[in-house]
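Numbered by mature numbering (1 follows the signal peptide of the UniProt record, and there is no 0), the letters in the sequence shown go through residues -28 to -1, 1 to 524 in order.
Quick notes on the structure that follows.
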Amino acid sequence: MLSSALLRVLTLLGVVAAFLLPTTSAQASAPLRTHAAAKGKFIGTALATGPLGSETSYRTIAGTEFNQITAENAMKWESTEPSQGQFTFSGADQIVNFATQNNQQVHGHTLVWHQQTPGWVQGLGATAMRSAMQNHIAQVVGHYADNPAVVSWDVVNEVFDENGGWRSSFWYNTLGQSFVADAFRAARAADPDARLCINDYNVEGINAKSTAMYNLVSSLRQQGVPVDCVGFQSHLAIQYGFPSDMQQNMQRFAALGVQVRVTELDVRIQTPRDSSKDTTQATYYRNVVNACLAVTACAGVTIWGFTDKHSWVPDTFPNEGFALPYDANYQQKPAYTAVHDALAGGTSGDTTAPTTPGTPTVGTVTSNSAALTWSASTDTGGSGLAGYNVYREQGATDALLGQSSTASITLTGLSPSTQYQVYVRARDGAGNLSGNSALATFTTQAGPGGGGGCTATGTVQTQWSGGYVIQPVTVTNTGTSAISGWTVTFTLPAGHTLSGSWNATLTVSGQTVTAKNANYNGNLAPNAGTSFGFQVSRPSGNTQTPSTYTCA
């Protein structure tokens, strides 16, 4: 038998799958957990104590399909310390015992959050509140420190508002930003072996909120604060579009040296439910799993529950629901198949490409953006339509301008006063691409005249023998009038290859890299600035980095 300490370390390293799961090749009909383990990932779910104790179908699916478990509510502060100094672990122990019986790992959720925290905590003064927080973490994390099933924790949850500012919570208002570092240090002291995570919603794509998270994690790690991983909650809705830069966002966090994971995935739809909405929902689930599979530092994906019967969504979002892979009768939906096939490597028998999309229709065009729509494709190969790629026709090498999960897109980061010829290709879940649509042509408008100009300077944030991170590349409007877009070019040394980027759209031709603004950071007033970053792989022992950046 493995000792509990050794088993816990192996679990954290991802090695535990070899001991806990079958070593035979995954078959097409195998449970999700078998396929996930074969990829070195976990596939998890959040469990509620009520149905876990009373519904056989709930227990059976939870134990069969998933190799990671998160307690939906049983480990939160109101459940574990409702009165000061009075701790109860009955619900949390129920979850952990179930996981132990089914060879599953447990992710603890959540230690410090502005919701579901008793009123007695919220009314404390600064000194008492900090002491209460540290004691709570010590007692809760310490309770499971020797349990090999509990391998990680959401230490701090949802600290930012939608604009990337600090949330005005009782934690922040009483203790300031320091509560985050204090919480992580307390958790590390309580369990030196657990993986410690910070978690938030609407940080799946690259935006102001996720950039604030990125900057916080970078700063904390530079201070020696033990932040080990970043959780993307990923409560998605099909009416808002899929965050197409999710993989890119994961990669930029990975460059900080942290693990990433999807922690609370669900994809809600507006009622009534129909087959078309099911198909779109399935595409979103597939896209999330594929993004995680493509990033080595992504440990896995946790779905927030698995059956619509016990979903939190309808109670929170009126006229929305049906957000999970199983319906209320425990029947698998297309979303389940999408997750299964993505983990299994796609539907192996699907070699049929989707039909060719219609000719793009050009809508609103600005100096750096263009809106396109087209007639949708269909897919009959079995893996389902996954989305569309939009390319620029330019001869030998056509640049990918954008991706969309629907039959429309707004291209951003385009150059002013430039003619573009573009076409669309559909893609399915097995990676098959359709033929090219007919070309559409448009010319972007001229940028603001007079007094324009910009500069760009890059800083090496970190480097190692096989690569480096440039962060930030600072772009500054040096002109006397506002600009609505910018383009930075630089040259990679010979043998260097781009491996990730954020806050800009990068294309490569030979060793020349062109970086165009994202849709949220192209508008710069005079003397205003913004930044982007990128990661590069290079031959071992080569110490060169790009030195000259040209901005237009």
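Here a beta-carbon is modelled for each residue, glycine too, at the ideal position from N, C-alpha and C.
- Secondary structure of R397 (DSSP, three-state): strand.
- Closest by C-alpha distance to H282, out of G12, S29, F14 and R5, is S29.
- Assignment of beta-bridge partners to C264 by DSSP yields no partner.
- In the three-state reduction of the DSSP assignment, G359 falls in the strand class, which pools E and B.
- Inter-residue distance for G353 and T327 is about 11 Å (C-alpha atoms, whole angstroms).
- Under the rule that a run must span 3 or more residues, the beta strand (DSSP E) segments found entirely inside the region 3 to 84 read 14 to 19, 40 to 43 and 77 to 80.
- The three-state secondary structure of G196, taken from DSSP, is coil.
- In the DSSP annotation of this structure, I109 is not part of any beta strand (DSSP E); the continuous alpha helix (DSSP H) holding it starts and ends at A98 to H115.
- Excluding residues up to 5 positions away in sequence, A180, K181, T183 and A184 lie with their Cβ nearer than 7 Å to the Cβ of G136 in the same chain.
- With a cutoff of 8 Å on beta-carbon distance, T416 and A371 are scored as not near each other.
- The residue from L237, H312 and T323 with its alpha-carbon nearest to that of L296 is L237.
- The beta carbon of G277 sits closer than 6 Å to those of A18, S283 and L296, all from its chain and outside the five residues before and after it, given in chain order.
- In this structure Y212 is exposed. Its beta-carbon is surrounded by fewer than 16 other beta-carbon atoms within 10 angstroms.
- For the set H207, M47 and L188, the Cα lying nearest the Cα of V199 is the one of L188.
- Taking P54 as the centre and dropping the five residues before and after it, the same chain places the C-beta of P90 closer than 7 Å to its C-beta, in chain order.
- In the DSSP assignment, T448 is bridged to T427 and G501.
- Setting aside the 5 residues that flank it on each side, K249 is surrounded in the same chain by I241, each with a C-beta closer than 6 Å to its C-beta; the list follows chain order.
- Rounded to the nearest whole angstrom, the C-alpha separation of T324 and N404 is 7 Å.
- Within the same chain, A342, A343, L344 and T345 come within 8 Å of G335 by CB-CB distance, once the 5 residues on both sides are set aside.
- Comparing alpha-carbon positions, the option among S140, A110 and S141 lying closest to V127 turns out to be A110.
- Each residue's CA atom was taken as its position, placing T350 and E130 some 39 Å apart.
- Under the DSSP assignment, S150 falls in the alpha helix (DSSP H) whose first and last residues are S150 to A162.
- For Q211, the secondary structure class from DSSP, reduced to helix, strand or coil, is helix.
- Under the three-state reduction of DSSP, L383 is assigned to strand.
- For S191, DSSP records no beta bridge to any residue.
- DSSP, reduced to helix, strand and coil, places K488 within a strand of the structure shown.
- In terms of Cα proximity to V261, the closest of T522, Y521 and R5 is R5.
- Residues T345 of the same chain have their beta carbon placed closer than 6 Å to that of S380, with the five preceding and five following residues left out of the count.
- Inter-residue distance for A497 and Q366 is about 32 Å (C-alpha atoms, whole angstroms).
- Beta bridge pairing from DSSP links N129 with N171.
- Shown here, S247 sits in a helix according to DSSP, grouped into three states.
- G407 carries a coil assignment under DSSP once its states are collapsed to helix, strand and coil.
- The beta-carbon separation of R397 and N361, rounded to 5 Å, stays under the 8 Å limit for a contact.
- Shown here, L315 sits in a helix according to DSSP, grouped into three states.
- Scanning the region 270 to 346 from its first residue to its last, the whole alpha helix (DSSP H) runs of 4-plus residues come out as 285 to 288 and 306 to 315.
- Taking C-beta atoms under 8 Å as the contact rule, M101 and L168 fail to qualify, at a distance of about 20 Å.
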